[in-house]
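Residue numbers (the working numbering): 2 to 354. Beta carbons are placed, not taken as given, at the ideal position from N, Cα and C, and that holds for glycine.
Below is the structure:
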């Protein structure tokens with residue numbers, strides 16, 4: 002008998018690390034006849050990539066903030082009908098609002114619940130992490146849950162995210178972008194201040210007069226503060242928006258940077274390692290948990306523009322160090338973060354539930 006798993010997550014977008022993770026999971030189970038995958042979301046710009054997968058996709062109106070409680074009863078009724086009609090065995094959620102809904106429904110239905118904790122959070126203690134099992138994407142996230150929520154440690158298991166790329170094109174080169182003679186700094190993620198993008202832009206502005214540089218930004222729409230900094234130099238800063246084929250841009254980059262202020266783990270860090278690229282990250286959360294500075298990457302004090310600039314200069318001027326940390330991160334990612342290992346761990350959890 003197939004295990005029928007329903008994943009629920011908001012905002013299924015190209016620039017969202019959680020969305021990448023879910024897409025990777027659905028790919029893992031795509032050809033596994035022991036499972037039937039379902040997915041409910043509120044929309045997003047990357048739903049089209051699910052068309053080739055053997056997964057049933059539905060849209061439900063909900064959000065990521067307090068407005069969700071305006072939708073609570075309609076969402077609860079919708080999900081209750083869905084799990085009964087589709088004979089769902091297990092609900093795997095990726096946000097605390099659908100997790101709370103799944104928990105409430107499990108009280109009156111023969112279903113099991115699991116959630117993946119992707120973020121460092123503190124609010125809504127009485128309604129959070131009620132699932133029977135919790136996957137934390139890093140020890141940092143697990144520690145946060147234990148410190149801020151009354152949760153049994155035995156319910157939590159740490160599983161690091163893994164790199165996953167589906168071949169899409171022949172790739173983009175530096176010459177295609179008109180930057181063939183430049184060193185390329187790459188950032189992929191949401192364009193927000195809490196992701197440290199303003200820190201990166203200020204650092205780039207400090208360095209561009211000394212080095213022949215381009216900064217490539219891939220991700221969601223910029224907030225106002227980020228946009229102002231970007232507008233100051235659109236010649237050397239390439240903002241490409243949200244795109245699916247990010248692999249091409251990792252390949253052409255010279256340094257990958259993740260300057261976030263509060264990072265649960267850092268999928269960009271993992272992907273940089275996968276493509277054997279030198280990595281610079283803030284000393285934040287899951288980044289400093291996975292990276293030993295000067296071994297698998299360079300770390301700088303989060304929010305410190307000057308220190309980030311020094312770290313970038315170090316790699317631009319030291320090709321030996323740059324190659325060493327890139328190779329070390331590459332090996333660590335390949336040896337520890339594989340699709341097969343993750344699949345085995347997750348199916349073990351599913352079956353035991």
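For residue i, does the three-state DSSP call read helix, strand or coil?
| i | result |
| --- | --- |
| residue 2 | coil |
| residue 270 | helix |
| residue 65 | coil |
| residue 57 | strand |
| residue 45 | coil |
| residue 240 | strand |
| residue 94 | strand |
| residue 108 | coil |
| residue 19 | helix |
| residue 27 | helix |
| residue 317 | helix |
| residue 259 | strand |
| residue 158 | strand |
| residue 294 | strand |
| residue 200 | helix |
| residue 219 | strand |
| residue 121 | coil |
| residue 173 | coil |
| residue 146 | helix |
| residue 227 | helix |
| residue 189 | strand |
| residue 351 | helix |
| residue 254 | coil |
| residue 306 | helix |
| residue 140 | helix |
| residue 246 | coil |
| residue 346 | helix |
Who are residue i's beta bridge partners in DSSP?
| i | result |
| --- | --- |
| residue 134 | 115 |
| residue 184 | 214 |
| residue 38 | 6, 56 |
| residue 301 | 283 |
Keeping to the same chain, check which residues put their C-beta closer than 7 Å to that of residue i; ignore five residues upstream and five downstream.
| i | result |
| --- | --- |
| residue 276 | 251, 252 |
| residue 87 | 5, 39 |
| residue 46 | 14, 15, 243 |
| residue 366 | Residue 366 lies beyond the stretch modelled for the chain, which goes from 2 to 354, so this question has no answer here. |
| residue 104 | 114, 131, 132 |
| residue 168 | none |
With a threshold of 6 Å on Cβ separation, who are the neighbours of residue i within its own chain once the five nearest residues in sequence on each side are excluded?
| i | result |
| --- | --- |
| residue 255 | 184, 185 |
| residue 120 | 265 |
| residue 350 | 134 |
| residue 1 | In the structure as shown, the chain starts at 2 and stops at 354, and residue 1 therefore has no counterpart that could be examined. |
| residue 192 | 198, 220, 221, 223, 227 |
| residue 391 | One cannot answer for residue 391 here, as it falls past the ends of the chain, which runs 2 to 354. |
| residue 57 | 39 |
| residue 237 | 209, 215 |
| residue 117 | 95, 136 |
| residue 316 | 256, 279, 323 |
| residue 320 | none |
Quick test of your reading: residue i and residue j, contact by CB under 8 Å. State the CB separation rounded to the nearest angstrom.
| i | j | result |
| --- | --- | --- |
| residue 28 | residue 150 | With 8 Å as the limit, residue 28 and residue 150 do not qualify as a contact, their Cβ atoms being about 31 Å apart. |
| residue 241 | residue 219 | 5 Å |
| residue 3 | residue 35 | 6 Å |
| residue 300 | residue 313 | About 13 Å; that fails the 8 Å criterion. |
| residue 63 | residue 22 | Not a contact, Cβ separation roughly 19 Å. |
| residue 139 | residue 161 | 7 Å |
| residue 163 | residue 338 | 4 Å |
Spatial neighbours of residue i within its chain, please: C-beta separation below 8 Å, excluding the five flanking residues on both sides.
| i | result |
| --- | --- |
| residue 173 | 246, 249, 250, 253 |
| residue 302 | 283, 284, 308 |
| residue 44 | 12, 13, 60 |
| residue 206 | 230, 233, 234 |
| residue 352 | 4 |
| residue 69 | 63, 76, 98 |
| residue 110 | 81, 84, 85 |
Please tell me whether residue i has its Cβ less than 8 Å away from any Cβ of chain C.
| i | result |
| --- | --- |
| residue 222 | Chain labels in this structure do not include chain C; a single protein chain is all it has. |
Segment contact, 8 Å Cβ cut-off, at least three pairs: the stretch 326–338 with the stretch 300–313: no
The stretch 141–156 / the stretch 259–274 touching (three or more Cβ pairs under 8 Å): Yes: at least three Cβ pairs fall under 8 Å.
Sufficient close CB pairs (3 or more, under 8 Å) joining the stretch 121–132 to the stretch 91–100: yes
At least 3 beta-carbon pairs within less than 8 Å: the stretch 7–15 vs the stretch 33–50: yes
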